[in-house]
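As structure tokens, the structure follows; a few thoughts come after it.
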Amino acid sequence: MYFALSVVVKSPQHAAVPDRPQINYPADLPVAQRREEIMKAMRSHQVVIVVGETGSGKTTQLPKMAYELAFEEGKSGRIGCTQPRRLAAATVARRVAVEMGTGLGDRVGYQVRFVEKVQDETTIKFMTDGILLAETQRDRDLRQYDTLIIDEAHERSLNIDFILGYLKNLLARRKDLRVIASSATLDAGMFSEYFDDAPVVNVEGRTFPVEDYFLPPDSEGEDLSRHVARAVQWVTDLDDSGDVLIFLPGEREIRECADTLEGKKFPNTDILPLFARLGLAEQERVFNIGGSKRRVVLATNVAETSVTIPGIVYVIDSGLARISRWNPSRQIQRLQIEQISQASARQRRGRCGRICEGVCVRLYDEETLELADAYTDPEIRRSSLAGVILRMKSLRLPDVREFPFLSPPSAKAISEGHRTLEEVGAMEKQGHLTRIGHQLARLPLDPRLGRMLIEASKRKVLDAVLVMVGGMSVMDVRERPQEKQTEADNAHKKFNDESSDFLTLLHIWSAVDSFRDKKRFKRNQLRKYCKQNFLSFRRIMEWDQIVSELSRLVRDTLKVKTRPLAADRKQWGDEDEMHKSLMAGIPMQFGFWDKEKRAYRSTGGREFAIFPGSGLFGKNKPEWLLAYELVETTRVWARKVANIDVKWVEELLSHMCRYRYHSPHWDEHQGAVYGKETVICGGLTLVDGRRVFYGRVRPEEAHEVFIREAILGDGLRTRGEFLHRLDEVRAEVESAEHKLRRAGGLWSDEAVFDFFHVRIPKHICTAKAFQKWRTTGDNEKQLMLEVEDCVWGEIEDLSDFPDCVWYGENSYDVSYSENPGERTDGVVFEIGMDQIVDFPDYLTSWG
DNA sequence: CTCTCCCT
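Residue numbers (my numbering): 1 to 847.
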């Protein structure tokens, strides 16, 4: 039931434009009925907001309207239509191509990662929003487009928010550009206000009514699976044939609920789990409708947006979802179960009522729904901003804080993004991109992963690290079906590397690689191998494509050639160098096993445990680990780890280490000043009290210790003439002290220290260097000190304190000492036995 | 002793 709209080609001067195909709008689509209104709004405004629920047909019909309008205005540029997901971009393009009667890739085309079906004459181009974003790097004004349609804007992904902000700026520069933001959200006011009161066109969905029921947990505090079972029973009592879709937060809950439901033995029922990590075959079971059994699908959020399950009559909503939130100050991704927003609840409810009237059973009460957030926080408020900031810098956009984001990110998140970029050497303190930063901006990777590649190229281990980085950027290729967990674990064991999950990736790669004939995979054999070994064929293919793409880009941006990873491990390259390369991207992601705490302690006071999916899980804990990604669920898990040598941290991160030096002392045997060194990085002690040659690290302090302990403390093995002089002077001063009854009151170590300090060159702190200097030229002469050099101020007249007293013909030696309380305290005359008789009495009272 | 979902 289609009806054709006759359209008149207005102006013949655009005859050069290719033949215009007749544009038909399926009349049963609500959006077709709003065509006039939408086109009118587009004629009079640069930006139009179209709000339409699923089934309104906006995704397929808006591009055609924009095409019609562009033709009417004689524009020849493209209409770009973005989609959040690759599959959607491809399938929508195919549909629209059919509706417009052209081949895919001709007038209507699409581009997603790895696939480009676009030619010069392509006028309507569907693409993922990531592709459009990438195009801003090559063409800042997006000149190829006259119109851009941003679909599913309500999803508020990082890409969408960035594109909206970018377009807001671009619209001022390009008055000819037309933008349509299309959203399923009721709150179009926000978008409208954002785009300076852009008109909003509402299009109703083509859906059947859905009844709502609230079935909160019973007063006993029943657990989720019993609660779900009760809801399924409730639905079954109503109708035992309509298919049911149940929204649960995660795989574990799905598994538990599946077990409980199986136990209840509902008649004629298939229990089908559905989540993104599920193997292809198991996912496909969800799409096979028309069987005789009633299907109960237990799904995560995949079923909310990404996967549309046909034939659903009943939705059971647990009201829960795992939501990822990046904690910028701890640099940990939290993945906790949360109450979903009202918008998300509405989306889940909308998954039924598409083929007939539906029922939505909510496992919470009405008040909970009313109290829930209106919208899920947009992704930009929940993610690390390093990548976004890098991209903005590379596009030479103004500061992040001034960028017109729909929801501006927090100051904390912004500064963390900057810090991360600085950490990997992409940005200087002042905020300028470095050479590395510019290179990273050209790689379709998280900046941290890109940094690993750059480092690997320097360290000559690029081929291996390319495979590792590719493996880290795809979902785990290992599959672990519920029924065959131990079987899968056993199959995976042969890939496990005992010290590194990153090497495990290489082991898997090289196993898969053997199914290549030259460059191409022998697909059938590989598929069989994957099945036998519990690997995901699809994700392996994706991995392979990413590695090829990256090696091409690395060749262009880093000007380095790559080669396929060798079959023989011995030719992979230096494994230490590989791990050092990884560390360049995730410098602060290491930790050590704290035996007492029984946990890994990481930088910034963080703690983590090895994720059970790691090959290092349950083994004797390596002392130092490198951890890619910390995720907090039931506890903080490190997903992929490798054993590292703590020395690497110091070697690579000396600029982030704090070095503390203490206990310098003169080592007479070595003839040098040694001390202790403690190295701390991110609050972790890497090295505690390592002996260090002090002259290297603290030359001034070492020089002082040398003077005090080697010279003043008599610690030199080769004593020069000046030291004998020192001894003499010291004795002289000491004697004066006794005469004056001022022990220690004249001699000043500090004065002597100063004497040597100004005369001995600053760099000298070893016996050898000193000896060389002292024996050169007249240097030693400078060191011959006098009494005046060793005392504070002037010495009083000592003529009243003779060392020898004459009486008649006899001379008596006199010594002085200050030993209060002792017999030797005071003046001592040395009188020979033969002299006693002549010793004058008055002398003893002298003084 | 286990973790939502996309994208360049």
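Every residue gets a Cβ at the ideal spot worked out from N, C-alpha and C, and that includes glycine.
Cβ-based neighbour list, residue i, same chain, cut-off 7 Å, excluding 5 preceding and 5 following
i           : result
residue 611 : 617, 637, 638 and 639
residue 459 : 577, 580 and 581
residue 708 : 753
residue 144 : 77 and 78
residue 834 : none
residue 702 : 664, 673, 694, 695 and 765
residue 311 : 243, 289 and 355
Residue i, buried or exposed, once every other Cβ within 10 Å from all chains shown has been counted against 16
i           : result
residue 289 : exposed
residue 10  : Caution applies to residue 10, whose pLDDT of 40 falls short of 50 and renders its modelled position unreliable; the model cannot decide the point.
residue 336 : exposed
residue 758 : exposed
residue 770 : buried
residue 763 : exposed
residue 682 : buried
residue 806 : exposed
residue 418 : buried
residue 424 : buried
residue 551 : buried
residue 107 : buried
residue 431 : exposed
residue 338 : buried
Member of the options whose CA lies at the smallest distance from the CA of residue i
i           : options               : result
residue 331 : 178, 199 and 586      : 586
residue 254 : 541, 316 and 200      : 316
residue 608 : 591, 139, 615 and 622 : 591
residue 409 : 33, 161 and 270       : 161
residue 512 : 498, 494 and 499      : 494
residue 363 : 228, 340 and 356      : 228
residue 598 : 428, 621 and 583      : 621
residue 471 : 484, 403, 446 and 87  : 446
residue 783 : 808, 533, 729 and 834 : 729
residue 684 : 624, 250 and 642      : 624
residue 351 : 313, 324 and 322      : 313
residue 276 : 466, 251 and 399      : 251
residue 614 : 132, 278, 498 and 721 : 498
residue 438 : 304, 451 and 464      : 451
residue 185 : 81, 222 and 343       : 343
residue 680 : 650, 67 and 775       : 650
residue 515 : 122, 489, 544 and 487 : 544
residue 212 : 475, 496, 547 and 349 : 349
residue 391 : 376, 382 and 421      : 421
residue 479 : 532, 468, 75 and 197  : 532
Short Cβ contact (9 Å threshold) for residue i with residue j
i           : j           : result
residue 79  : residue 23  : no
residue 59  : residue 354 : no
residue 201 : residue 34  : yes
residue 126 : residue 366 : no
residue 29  : residue 180 : no
residue 109 : residue 117 : yes
residue 716 : residue 671 : yes
residue 357 : residue 247 : no
residue 113 : residue 104 : no
residue 849 : residue 508 : Because the chain here runs from 1 to 847, residue 849 falls outside it and cannot be looked at.
residue 374 : residue 341 : yes
residue 50  : residue 182 : yes
residue 146 : residue 84  : no
residue 230 : residue 270 : no
residue 82  : residue 142 : no
residue 641 : residue 334 : no
Residues near residue i by beta carbon distance below 6 Å, same chain, minus five either side
i           : result
residue 688 : 678
Same chain, Cβ closer than 8 Å to residue i, neighbours up to 5 away in sequence not counted
i          : result
residue 56 : 29, 30, 31, 203, 204, 205 and 206
Distance cut-off 8 Å: residue i Cβ against heavy atoms of the ligand MN
i           : result
residue 605 : As presented, the structure is devoid of all ligands, the ligand MN included, so that no description of it is given.
key: Inside the stretch 623 to 697 only - beta strand (DSSP E) runs reaching at least 3 residues   = 624 to 632, 636 to 643, 657 to 667, 672 to 681 and 684 to 693
task = Jot down the residue ranges of each uninterrupted alpha helix (DSSP H) in the stretch 243 to 307, minimum 4 residues, whole runs only, in chain order.
result = 251 to 264, 280 to 284 and 302 to 305
request  = Scan the stretch 473 to 518 and note each continuous alpha helix (DSSP H) run of 4 residues or more that stays entirely inside, going in chain order.
outcome  = 485 to 493 and 501 to 513
Unbroken stretches of the alpha helix (DSSP H), 4 residues or longer, contained in the stretch 738 to 765 = 749 to 759
task = Write down every uninterrupted run of the alpha helix (DSSP H) in the stretch 138 to 196 whose length is 4 residues or greater and which is fully enclosed by it, in chain order.
result = 158 to 173 and 189 to 194
key: Sequence ranges, alpha helix (DSSP H) only - wholly within the stretch 35 to 85, length at least 4   = 35 to 44 and 58 to 73
query = What are the uninterrupted segments assigned as alpha helix (DSSP H) that are 4 or more residues long and contained completely in the stretch 306 to 370, given in chain order?
reply = 342 to 349
query = What are the uninterrupted segments assigned as beta strand (DSSP E) that are 3 or more residues long and contained completely in the stretch 578 to 619, given in chain order?
reply = 590 to 594, 599 to 602 and 607 to 610
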